[in-house]
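Please read the structure below before turning to the comments.
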């Protein structure tokens with residue numbers, strides 16, 4: 001059975017990405033496009049577009065040509081979009097790099113992507129310098145400030161974005177084929193394997209922005225808070241491309257600090273929050289939330305990882321909202337395929353949304369028979385639509401394993417479509433625990449553990465014992481002052497699930513390791529299993 005979006009199809013957007021986002025920015029003039037949430041510095045739409053043109057001219061004058069790859073290494077800032085759109089306007093492909101990357105990780109991404117240029121935040125210059133000792137790079141530019149020498153005392157100088165913007169050359173007009181030219185080369189998280197470059201074209205990203213409009217329409221002047229990293233596809237598209245495309249105002253924070261986050265909502269009267277589940281958990285449970293006025297919030301949308309229905313309901317009730325909306329997608333899908341419509345005050349509990357326009361979905365059995373399933377039946381989710389990636393960079397074999405000859409992308413997620421057309425994600429195919437022939441979903445157990453009043457966070461992985469049996473093991477973060485024991489945790493779960501789903505062992509941690517987008521790093525937990 002093929003499930004199809006209930007929303008009218010959209011035409012493919014045949015524009016370069018910088019034009020799709022900023023092509024209409026002139027009509028917003030002096031309206032604030034970006035606000036630094038810490039300093040209050042404002043960048044208007046007029047200033048943003050002018051800076052993009054000038055920096056693009058400076059990049060072209062420096063020798064950057066169409067097809068070059070530019071690595072962008074920085075936490076969120078109001079100059080991040082300037083660097084991004086300027087590089088794209090100059091004809092480059094931007095490979096976004098985690099601001100937490102080590103020199104070794106950055107060097108690996110530079111080599112794999114073939115990057116020739118780096119734009120880096122001043123604070124991360126030492127990482128870039130260490131990474132390029134063995135990787136030839138044509139030039140390193142500083143995103144912010146003035147370079148007064150590196151931290152090791154050398155007097156090496158690097159040009160800044162301001163230096164590039166001083167160029168008197170005309171803004172480049174580079175011919176771009178939106179269907180084939182790459183705009184972005186983000187790297188998958190690597191939580192289930194080595195990081196891979198995801199080839200996203202100008203058309204796939206620009207069209208995906210249009211696909212979600214019917215379900216989630218952002219208004220000019222609407223204020224959103226960008227704490228999710230721009231280097232991740234969720235933050236890049238949902239908190240940079242989409243709001244700047246329509247004249248909204250993005251208040252930018254460099255990282256998640258709960259007190260700063262809550263203060264920014266209160267001070268800037270934030271209307272929309274796009275977050276990951278760890279932030280929803282904090283909004284639901286942390287006592288600091290009650291000290292701030294969050295009444296300006298009209299909606300909260302969570303994506304990037306599973307969000308339990310009970311946790312979502314608790315956060316919504318505390319914030320005085322009808323619900324916490326969810327979304328679903330992945331880097332390989334530019335990234336969105338599902339959103340809970342903002343207009344629906346009573347979506348299916350726990351659902352990640354309805355299909356966005358021009359998108360199809362299939363549910364296949366996970367037992368190897370590859371049979372199509374219908375409404376309410378659980379299986380692997382397959383997606384087809386204009387947002388599907390071009391492929392993995394330099395990895396045709398892995399591309400072919402991910403996208404079949406008919407264009408269906410195999411997500412690796414297990415879920416089902418309910419009778420209202422809402423998608424529910426149960427878990428990952430590779431993360432399902434096989435206990436004596438039964439399939440156990442870690443996400444189900446994690447959601448249950450979070451209902452315990454003495455547990456603030458939890459994760460579950462499968463651990464293979466000496467007898468070869470895979471068993472569920474829980475990693476739990478206790479609430480402050482709690483003396484919860486392993487036996488008490490196991491008894492709590494056992495009283496609420498079928499016998500085969502019981503947690504068989506428990507470790508206590510100070511924090512569950514997670515990626516910048518909020519995904520549990522299960523590989524790290526498996527490495528802890530013997531401790």
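Numbering (our numbering), first residue to last: 1 to 531.
Don't be surprised by glycine CBs; every beta carbon is placed ideally from N, CA and C.
Predicted, not measured: the structure shown is a model, and the values here were computed from it.
In the DSSP assignment, find the unbroken beta strand (DSSP E) run with residue 32 in it and report its ends. The residue you call residue 32 lines up with position 32 of the chain shown. 32-36 is the span of the beta strand (DSSP E), which, as asked, contains residue 32.
Where does residue 272 land, buried or exposed, given buried means 16+ other C-beta within 10 angstroms? Position 272 of the chain shown, counted from the first residue, corresponds to residue 272. Under this definition residue 272 is a buried residue.
What are the start and end residues of the alpha helix (DSSP H) that includes residue 126? As a first step, residue 126 must be located in the chain shown, where it is residue number 126. Note, residue 126: alpha helix (DSSP H), 125-131.
Could you pull out every unbroken beta strand (DSSP E) segment of at least 3 residues lying fully inside the stretch 19-70, listed in chain order? 32-36, 42-44
Nearest to residue 225 by alpha carbon, out of 460, 35, 440? As a position in the chain shown, residue 225 is number 225, starting the count at 1. Among 460, 35, 440, the Cα nearest to that of residue 225 belongs to 35.
Can you name the start and end residues of the beta strand (DSSP E) that residue 204 belongs to? Translated into the one-based positions of the chain shown, residue 204 becomes position 204. Looking at the DSSP string, residue 204 is not in any beta strand (DSSP E); the run it does join, the alpha helix (DSSP H), is 202-211.
According to DSSP, is residue 475 part of a helix, a strand, or is it coil? Counting from 1 along the chain shown, the entry for residue 475 is found at position 475. Strand at residue 475.
Range covered by the alpha helix (DSSP H) that runs through residue 508: On the chain shown, position 508 is the one that residue 508 refers to. Taken as a continuous stretch (DSSP letters only), residue 508 belongs to no alpha helix (DSSP H), being part of the beta strand (DSSP E) at 505-508.
For residue 320, count neighbouring Cβ atoms within 10 angstroms of its own Cβ and tell me buried if that reaches 16, exposed if not. The residue you call residue 320 lines up with position 320 of the chain shown. Exposed, by the Cβ-count rule.
When you compare only the Cα positions, how much space is there between residue 154 and residue 236? For the purposes of this step, residue 154 is taken as the residue at position 154 of the chain shown. For the purposes of this step, residue 236 is taken as the residue at position 236 of the chain shown. Residue confidence for residue 154 is low, a pLDDT of 39 falling below 50, so the modelled location carries little weight; the figure read from the coordinates is stated next. Cα to Cα, the separation comes out at about 34 Å.
Distance check for residue 185 and residue 197, CA to CA, integer angstroms please. Your numbering for residue 197 matches position 197 in the chain shown. Your numbering for residue 185 matches position 185 in the chain shown. Rounded to the nearest angstrom, the two C-alpha atoms are 6 Å apart.
Quick one: residues in its chain with C-beta nearer than 7 Å to the C-beta of residue 131, no 5 flanking neighbours on either side, listed in chain order? One-based indexing of the chain shown puts residue 131 at position 131. Same-chain partners within the cutoff: 103, 106, 107, 110.
Where does the unbroken beta strand (DSSP E) through residue 241 begin, and where does it stop? Residue mapping note: residue 241 aligns to position 241 of the chain shown, counting from 1. It is not in any beta strand (DSSP E) - residue 241 carries neither H nor E in the DSSP assignment.
Which term fits residue 389, buried or exposed, when burial requires 16 or more other beta carbons within 10 angstroms of its beta carbon? On the chain shown, residue 389 is found 389 positions in, with the first residue counted as 1. Buried, because 16 or more other Cβ atoms sit within 10 Å of the Cβ of residue 389.
Go to residue 395, then tell me how far its beta strand (DSSP E) extends in each direction, as first and last residue. As a first step, residue 395 is located in the chain shown; it is residue number 395 there, counting from the start. Premise fails: residue 395 is in no beta strand (DSSP E) and is neither H nor E.
Check the DSSP bridge columns for residue 571 and list the partner residues they point to. Because the chain spans 1 through 531 in this model, residue 571 falls outside it and cannot be assessed.
In three-state terms, what does DSSP make of residue 233? In the chain shown, counting from the first residue as 1, residue 233 sits at position 233. If DSSP states are grouped into helix, strand and coil, residue 233 belongs with the helices.
Are the beta-carbon atoms belonging to residue 326 and residue 295 less than 8 Å from one another? Translated into positions along the chain shown, residue 326 becomes position 326. Translated into positions along the chain shown, residue 295 becomes position 295. Going by C-beta atoms, residue 326 is not nearer than 8 Å to residue 295.
Nearest-angstrom Cα distance between residue 514 and residue 486? In the chain shown, counting from the first residue as 1, residue 514 sits at position 514. In the chain shown, counting from the first residue as 1, residue 486 sits at position 486. Cα to Cα, the separation comes out at about 22 Å.
Roughly how many angstroms separate the alpha carbons of residue 89 and residue 177, rounded to a whole number? Against the chain shown, residue 89 aligns to sequence position 89. Against the chain shown, residue 177 aligns to sequence position 177. Answer to the nearest angstrom: the Cα atoms are 13 Å apart.
Kindly indicate which three-state DSSP category residue 497 falls into: helix, strand or coil? Within the chain shown, residue 497 is the residue found at index 497, counting from 1. Of the three classes helix, strand and coil, the one that applies to residue 497 here is coil, per DSSP.
Do residue 413 and residue 380 have their C-beta atoms within less than 8 Å of each other? As a working mapping, residue 413 is identified with position 413 in the chain shown. As a working mapping, residue 380 is identified with position 380 in the chain shown. A contact, by the Cβ cut-off of 8 Å.
Kindly indicate which three-state DSSP category residue 192 falls into: helix, strand or coil? The count along the chain shown starts at 1 and reaches residue 192 at position 192. The predicted position of residue 192 is uncertain, since its pLDDT is 47 and thus under 50; no value can be drawn from it.
Quick one: is the Cβ of residue 102 within less than 7 Å of any heavy atom of the ligand SAH? With respect to the ligand SAH, the structure shown offers nothing to examine, as it has no ligands at all.
Here's a check: name, in chain order, each residue in its chain whose Cβ is nearer than 7 Å to the Cβ of residue 148, leaving out the five neighbours to either side. Translated into positions along the chain shown, residue 148 becomes position 148. Confidence at residue 148 is low in this model, with a pLDDT of 46, below 50, so its placement is unreliable and the value that follows should be read with caution. Closer than 7 Å at Cβ, skipping near neighbours: no residue.
Own chain, CB closer than 6 Å to residue 557, minus 5 neighbours either side, in chain order: In the structure as shown, the chain begins at 1 and stops at 531. Residue 557 is therefore absent and cannot be evaluated.
Identify every residue that forms a DSSP beta bridge with residue 95. As a first step, residue 95 is located in the chain shown; it is residue number 95 there, counting from the start. Residue 95 pairs with 71.
Please report how far the alpha carbon of residue 316 lies from the alpha carbon of residue 61, in whole angstroms. For the purposes of this step, residue 316 is identified with residue 316 of the chain shown, where counting begins at 1. For the purposes of this step, residue 61 is identified with residue 61 of the chain shown, where counting begins at 1. About 51 Å.
Do residue 211 and residue 387 count as a contact pair if the criterion is CB distance below 8 Å? Stepping through the chain shown from its first residue, residue 387 is reached at position 387. Stepping through the chain shown from its first residue, residue 211 is reached at position 211. Going by C-beta atoms, residue 387 is nearer than 8 Å to residue 211.
Taking residue 313 as the reference, give the member of 40, 280, 463, 297 with the closest Cα. Within the chain shown, the letter at position 313 stands for residue 313. The shortest C-alpha separation from residue 313 is found at 280.
Report the three-state DSSP secondary structure of residue 522 (helix, strand or coil). Position 522 of the chain shown holds residue 522. If DSSP states are grouped into helix, strand and coil, residue 522 belongs with the helices.
Whether or not the stretch 163-174 and the stretch 50-69 are in contact is what I'm after, with contact meaning three or more pairs of Cβ atoms, one per stretch, closer than 8 Å; do they touch? yes
For residue 526, collect the residues of the same chain with a Cβ closer than 6 Å to its Cβ; drop the 5 residues on either side in sequence, then sort them by chain order. Counted from its first residue, the chain shown places residue 526 at position 526. Same-chain partners within the cutoff: 461.
In the stretch 409-435, which residue ranges form an unbroken alpha helix (DSSP H) of at least 4 residues, counting only runs that do not cross its ends? none
Among residues of its own chain, excluding the 5 on either side of residue 80, which ones have a beta-carbon nearer than 6 Å to its beta-carbon? For this step, residue 80 is matched to residue 80 along the chain shown. Excluding residues within five positions, the ones whose Cβ falls inside 6 Å are 74, 230.
Tell me the DSSP secondary structure of residue 7 in three-state form. Numbered from its first residue, the chain shown carries residue 7 at position 7. Three-state DSSP puts residue 7 in coil, outside helix and strand.
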